[in-house]
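In this text, residue positions in the sequence shown follow our numbering: the first is 27, and each later residue adds one.
What follows is one structure encoded as structure tokens, with my remarks underneath.
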Amino acid sequence: MNKILITGGCGFIGSHLSEFIFKKYKKSQILILDKITYAAKKKYISNILSHKRVKFIKDDILNFKNLNNYTKNVDLILHVAAESHVDNSYNLKDNFIMTNVLGTKNVLEAAKQNNVKKIIHVSTDEVYGEIYNASFKENSPFNPSNPYSSSKAAAEMIINGYIHSYNIPVIIVRANNIFGTRQHPEKLIPGCCWTFIKRKKFPIHGNGNQKRSFLFIDDFCSGIEKIIKLGKIHQIYNIGSPFEYRNKDVVKLISEINNLDFKKYSYHVKDRPFNDFRYSINYSKLKKLKWKPKFRLEDKIIEINDWYKKNINIYKKR
Ligand SMILES: NC(=O)c1ccc[n+]([C@@H]2O[C@H](COP(=O)([O-])OP(=O)(O)OC[C@H]3O[C@@H](n4cnc5c(N)ncnc54)[C@H](O)[C@@H]3O)[C@@H](O)[C@H]2O)c1
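Rendered as structure tokens:
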């Protein structure tokens, strides 16, 4: 790979993935394009920005003309940029449709016009909706249940059209909830760390019995690496984790590592308009490429909590 373009490379997943790709692809030029929304910080990638082969561009994937220029001579696109928070999507904000759907179409169109050899589109397990028992496979039907996951499903439909009409070399990945440092505290795990470090009470949505599988960011990055190397064009890969938790157990775990009484420091609030009870994906297709996740939340949560302690002032609010 001579030139790799990473969209959304200053957000949570994108910043870790940019560092990972920088280390793995030692000869590649890396172009990191990010609009820098509230969820992103340029300083997340400061470790790699001083290197000549890394270039940062502050821009919006909705500016097609610019995007098309940046895509010249690019071999691989990792399309990570998105509006990513479910709670924000309930306010009928068009930015979810603009960035997640139109933005994805722009990435595909730029890839088409510049003959990019491979595009990895980062999607989500939320496109399948909830499942009480068992797990969704890559060919399970879509059933998104909130405006965020609907916009991600819509993006995938656009991709499907581009694959059939123009044979665009895209691979889609659908991941579980991912955890690690640099994630905005609007999300559950960093939100608990931030709140408990500040000795405040954490609001739990509904009864807190919703189940989520959590995948460590490094495991996600190694999954992407496998897919770059061995993934088949036009295929979809679930990137999952066997480590499943109820939301309230996550809150309890993080209250304990902060030496706080869970009952005193948490309270229940009205649930989301619709909150999927459980997400679960079958990732045997990726396991066949000899990938499996290594880390549980318990293995990494102290390290992550410490990061939020050190960086508590980065985020003004949750
Ligand atoms: N975080 C998770 O648990 C998770 C799980 C599965 C899938 N995903 C998917 O992974 C991707 C990244 O998620 P994240 O958690 O890192 O989100 P994030 O909100 O932390 O980061 C998104 C990044 O995209 C950038 N961005 C937003 N709009 C843009 C635009 N119009 N032009 C250019 N850049 C723009 C932001 O500035 C930010 O850097 C998303 O596509 C999300 O759907 C996330």
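We treat Cβ as the ideally placed atom computed from N, Cα and C, and that holds for glycine.
If you look at His147, you'll find it in the beta strand (DSSP E) that goes Lys144 to Thr150. Within the same chain, and ignoring the five residues on either side of Ala65 in sequence, the residues whose Cβ sits closer than 6 Å to its Cβ are Gly37 and His210.
Here DSSP, grouped into helix, strand and coil, assigns Tyr192 to helix.
In the displayed model, Thr33 falls within a strand according to three-state DSSP. When secondary structure is reduced to three states using DSSP, Ser166 falls in the coil class, being assigned neither helix nor strand. Around the Cβ of Asp151, a 10 Å sphere holds 16 or more other Cβ atoms; the residue is buried.
A Cβ-Cβ distance of about 7 Å is found for the pair Gly35 and Val106, placing them in contact under the 8 Å criterion.
The beta carbon of Cys36 sits closer than 7 Å to at least one heavy atom of ligand 1. Placement of the Cβ of Thr33 at a distance of less than 7 Å from at least one heavy atom of ligand 1 is found.
Following the DSSP letters along the chain, one finds Asn94 inside the alpha helix (DSSP H) bounded by residues Phe90 to Tyr96. In the DSSP assignment, Phe38 falls within the alpha helix (DSSP H) that extends over Phe38 to Lys50. In the DSSP assignment, Phe222 falls within the unbroken alpha helix (DSSP H) covering Leu214 to Ile223. In summary, Tyr70 is buried, with 16 or more beta-carbon neighbours lying within 10 Å of its beta-carbon over all protein chains present.
Apart from the 5 residues on each side of it in sequence, Tyr309 sits with its Cβ closer than 7 Å to the Cβ of Asn264, Ile265 and Gly266 in its chain, given in chain order. Closest in C-alpha terms to Asn235, from the list Lys274, Asp245, Leu256 and Leu279, comes Lys274. For Pro268, the closest of Tyr305, Asn172, Arg344 and Lys81 by C-alpha to C-alpha distance is Tyr305.
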